[in-house]
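Working notes, structure below.
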Amino acid sequence: MMTETEVILKFIYDARYFINENLDLDKVRIEVPCGSWVGSKRRSIGDIDLGVFPPIEAKGTFIDSLKDFESSEKNLQVMNYLYATTQDKLSKEFDYWSNKNLDNVIVYLSDVNKYKLLKHNIEDFDFLTSLLGGNVEIFRK
Amino acid sequence: MKKAIIYCDSADLIINIMLKSPKKIHQRGTDYCYIDKDVDLLFKIPNKNNPLPKKISNQLNTYGTMDYIVCDEHDNVISAIEDTKTAPVGNALLQRMDKVLPLFLNRNRKFKVAYIAPRIGKDDSQDTERSVCQSWFFQKFLKNYGKNFIFLEKNQLTKENICDHTLNLIIEHVLSNTAPIIPQNKHLVEALNESIKSVRTLKKVGTDLIFSGKMFKPNNSTSHPVHSTLMTIIMLNQSTGLYNKIILETSKDHSQLLDSRNKNNKKVNFIKNNTTRRVV
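Just so you know, the protein sequences line up as chains A and B, in that order. Our numbering puts the first residue of the first sequence at 1309, with every later residue one more than the last. Our numbering puts the first residue of the second sequence at 54, with every later residue one more than the last.
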């Protein structure tokens, strides 16, 4: 199982060339909870804010994402989730997200080093594909 | 090429390298390494499953985890670095010293210690722009140790940010063989004497110092600036042995609050263990 910190770092690592070459780094904001960090978030939404794409809330696992999504107290404006999972769990997790009011659910498959979209907004697909260097596919059941 | 392991309490530096120098960072398991012409730096973020090795934590006696602990391949600490994007002006300066000062004052220390921050910043309590140099603690102590307490001018932070400077400092520490700087007694004495003039709640009575600052706010929450100021004074006195004891003059209520604070709070324990209480 990956931690939230590991998921964020892996995502930014995989997106680093695109961000470096195409985005204004002064507008990129990334919040990583790690080490002895126990403070509250400085911003109310999204751990990964690239400036040109609605912020993405990152979690370590499906369960953490689900808890966050179902919490009535926080992250009400989050429309994009990112977390890590494995191929064998995709179908069940796809079923959970399918009828939820979200734009994109991006999962990193730690067993095959690939990204899948369990839910996607068609207008965002090209951006996410470019961001992750083509290593992302739409999950189909 | 020199190799080093950097144990990070913050991911800001790793993210900064990924975004600004994507060709120089590589994944190694769940860790990331920065490889440039002279150095191979492996960045690790300790967590519950992979905590900071005991051998390293034993070398660090401090009241918080430094942002970057630079080690050789055998987990010998080369340097400990704390960085911040916000200038520590006003009360913030001594508060930021909680982690750094215990390490810096340790005369048996075998590794370098550095604190890096902007020199100019906004003092929220006064809504004005101030400089770190206005602080008595900077003027009487920190300014003598420019290699350890690095305060960057605005023009140094236009093209490069704090993380860029921190990375350069880590590389400098890994490549250099110079001995760590240990503070001189005369500077410690000067700082302690200045504290008596500058801290209005501190006075000298015979061979003792009496501190009467309010340790808690009216709502009973901890007054961190007061705790940090007292902690600094205690540490300066421990290093110099100038005064016999430090008496903490406090109300009965505040004395009880101090005793009831979390027993795992290292700073509170340090204050409790190193002062003589006088309830007034």
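Even for Gly, the Cβ is constructed at its ideal location relative to N, Cα and C.
Nearest candidate by alpha-carbon position, reference A/Ile1430, set A/Tyr1423, A/Asp1411, A/Ser1438: Ranking the options by Cα distance to A/Ile1430, first place goes to A/Asp1411.
For A/Thr1369: DSSP bridge partner residues: DSSP, once it has assigned bridges, lists no residue as partnering A/Thr1369.
Residues of the stretch 307-322 of chain B with Cβ closer than 7 Å to any Cβ of chain A, in chain order: So nothing in the stretch comes that close.
Buried or exposed by the 16-neighbour rule on C-beta atoms within 10 Å, applied to B/Met150: By the neighbour-count rule (16 or more Cβ atoms within 10 Å), B/Met150 is buried.
Beta strand (DSSP E) segment containing B/Ala167, residue limits: Segment 165-171, the beta strand (DSSP E) holding B/Ala167.
Own chain partners of A/Ile1338 with C-beta closer than 8 Å, once the 5 adjacent residues on each side are dropped: For A/Ile1338, same chain residues with a beta-carbon under 8 Å away, outside a window of 5 residues either side, are Ile1316, Ile1320, Asp1355, Ile1356, Asp1357 in chain order.
Host beta strand (DSSP E) of B/Cys216 (start-end): First-last for B/Cys216: 215-228, but that is the alpha helix (DSSP H), not the beta strand (DSSP E).
A/Arg1351 to B/Ala133 span [Cα, whole Å]: The pLDDT assigned to A/Arg1351 is 49, lower than 50, so where the model puts this residue is not dependable; a value taken from the coordinates is nonetheless given after this. Their backbone Cα atoms lie some 29 Å apart in a straight line.
DSSP three-state assignment for B/Val142, whether helix, strand or coil: Coil at B/Val142, not helix or strand.
Alpha-carbon to alpha-carbon, B/Ile203 and B/Pro362: One cannot answer for residue 362 of chain B here, as it falls past the ends of chain B, which runs 54 to 333.
Straight-line gap, A/Met1310 to B/Asp125 (C-alpha atoms, nearest Å): So the alpha carbons of these two residues sit roughly 27 Å apart.
Spatial distance of B/Ile215 from B/Leu295 (CA atoms): Note on geometry: alpha-carbon atoms of B/Ile215 and B/Leu295 lie some 37 Å from one another.
Straight-line gap, B/Met71 to A/Phe1326 (C-alpha atoms, nearest Å): Per the coordinates, the alpha-carbon of B/Met71 lies some 11 Å from the alpha-carbon of A/Phe1326.
Three-way DSSP call (helix, strand, coil) for A/Val1315 in this model: Three-state DSSP puts A/Val1315 in a helix.
CB of B/Val123 within 8 Å of CB of B/Ala57, strictly: Between B/Val123 and B/Ala57, the C-beta gap is smaller than 8 Å, which places the two residues in contact.
Bridge partner(s) assigned by DSSP for B/Arg331: Partner(s): B/Glu302.
Span separating the alpha-carbon of A/Leu1426 from that of A/Phe1447: Distance between the alpha carbons of A/Leu1426 and A/Phe1447: 6 Å.
Burial state of B/Val333 (16 or more Cβ within 10 Å): The C-beta of B/Val333 has fewer than 16 other C-beta atoms within 10 Å across all chains shown, which makes the residue exposed.
Closest residue to B/Lys200 among B/Val185, B/His226, B/Lys256, B/Lys319 (Cα-Cα distance): Cα-wise, what sits closest to B/Lys200 is B/His226.
Exposure label - B/Lys107; buried when at least 16 CB within 10 Å: Exposed, since its Cβ has fewer than 16 Cβ neighbours within 10 Å.
Residue range of the alpha helix (DSSP H) that includes B/Gln192: Annotation for B/Gln192: the continuous alpha helix (DSSP H) segment containing it runs 189-193.
Rounded separation between B/Thr282 and B/Ala64 - CA only: Approximately 29 Å between the Cα atoms of the pair.
Among B/Lys298, B/Leu158, B/Cys86, nearest to B/Asn69 - alpha-carbon criterion: The candidate whose alpha carbon is nearest that of B/Asn69 is B/Cys86.
Beta carbon of B/His218 nearer than 8 Å to that of B/Ile169: In this structure, B/Ile169 lies closer than 8 Å to B/His218 by Cβ.
With 16 other Cβ atoms within 10 Å as the buried cut-off, status of B/Cys186: Classification for B/Cys186: exposed.
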